[in-house]
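Below is one structure, written out as structure tokens; the observations come after it.
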Amino acid sequence: MTDGTLETIDGRPALRFERTVAHSVERVWRAVSEPAELERWFPAAADWTPATGETFEAYGATGEVTEVDAPHRLAWTFGGEQYSFDLSAHEDGCRLIFIHVFTDRTLAAQTAAGWETYFSRLEPHLAGGFLSEAEAHEWDAWEKVHERYAESFGVDPTPGRRFVEAQRAGQ
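In this text, residue positions in the sequence shown follow the UniProt record's numbering: the first is 1, and each later residue adds one.
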């Protein structure tokens with residue numbers, strides 16, 4: 001699996017994850033756009049169609065779908081942050097590019113480790129299996145991924161260390 005990268009888009013930090021999966025663009029599109037599929041691997045199932053301009057609720061916040069070009073591009077805003085999936089045919093599968101534009105660069109490593117965890121659930125889902133969120137969030141492994149991202153991005157690892165300590169305390 002390829003690590004995510006930290007970029008800048010419109011003056012804001014952005015995480016970019018690129019994955020090549022052995023499934024068709026149409027199959028991956030269903031996984032990234034249909035609520036019943038999203039809930040199997042993504043942090044939350046958005047109750048959407050999705051259609052450009054459509055609003056949706058999750059975790060007490062409102063999001064808006066900003067772009068849909070099925071089955072190649074899906075973009076939305078949520079909680080003041082921007083997200084997008086871009087899908088393209090690649091050899092015998094699909095290249096998926098996910099971008100998350102956010103505000104607080106100090107949380108880049110923690111956020112990247114979180115996305116890494118969710119993407120670890122995507123491939124089993126596409127293959128017809130299931131990796132639970134609890135199984136994916138094995139905190140020792142998460143912590144190693146977080147530390148690798150903190151070093152790579154040149155950010156203070158303290159916020160992510162506090163986060164994982166709080167998660168372990170709550171188990």
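Glycine included, every Cβ here is placed at the ideal spot set by N, Cα and C.
Between the CA atoms of Glu-37 and Arg-30 - distance to the nearest angstrom: Within the sequence shown, numbered from 1, the residue matching residue 30 stands at position 30. Within the sequence shown, numbered from 1, the residue matching residue 37 stands at position 37. Taking the straight line joining both Cα atoms gives about 7 Å.
Report, in whole angstroms, the separation of the C-beta atoms of Trp-142 and Thr-117, which I expect to be a contact under 8 Å. The count along the sequence shown starts at 1 and reaches residue 142 at position 142. The count along the sequence shown starts at 1 and reaches residue 117 at position 117. By a beta-carbon distance limit of 8 Å, Trp-142 contacts Thr-117. Their separation comes to about 6 Å.
Find the nearest neighbour of Val-21 within the set Phe-42, Glu-165, Ile-97, judged by alpha-carbon distance. Sequence index remark: in the sequence shown, residue 21 carries index 21 (1-based). Looking at the Cα atoms, Ile-97 is the closest of the given residues.
May I ask you to list the residues that DSSP assigns as paired with Pro-13? Within the sequence shown, the letter at position 13 stands for residue 13. Answer is Thr-8.
Could you spell out where the beta strand (DSSP E) holding Asp-86 opens and where it closes? By 1-based counting over the sequence shown, the position of residue 86 is 86. Per DSSP, the continuous beta strand (DSSP E) segment holding Asp-86 begins and ends at 81-90.
Could you please give me the residues that DSSP links to Asp-104 through a beta bridge? For the purposes of this step, residue 104 is identified with residue 104 of the sequence shown, where counting begins at 1. Answer is none; Asp-104 lacks a bridge partner.
Is there a Cβ from chain D that is less than 8 Å from the Cβ of Arg-148? The structure shown contains no chain D; it holds only a single protein chain.
Is it right to say Ile-9 is buried, meaning 16 or more other beta carbons lie within 10 angstroms of its own, or is it exposed? Taking the sequence shown and counting its residues from 1, one reaches residue 9 at position 9. Counting Cβ neighbours within 10 Å, Ile-9 comes out exposed, since fewer than 16 surround it.
For Gly-63, count neighbouring Cβ atoms within 10 angstroms of its own Cβ and tell me buried if that reaches 16, exposed if not. Your numbering for residue 63 matches position 63 in the sequence shown. Label assigned to Gly-63: buried.
Please look up how many angstroms separate the CB atoms of Leu-131 and Val-28, rounded, as I've assumed it's under 8 Å. Stepping through the sequence shown from its first residue, residue 131 is reached at position 131. Stepping through the sequence shown from its first residue, residue 28 is reached at position 28. Not quite, the Cβ-Cβ distance comes to about 17 Å (not below 8 Å), so this is no contact.
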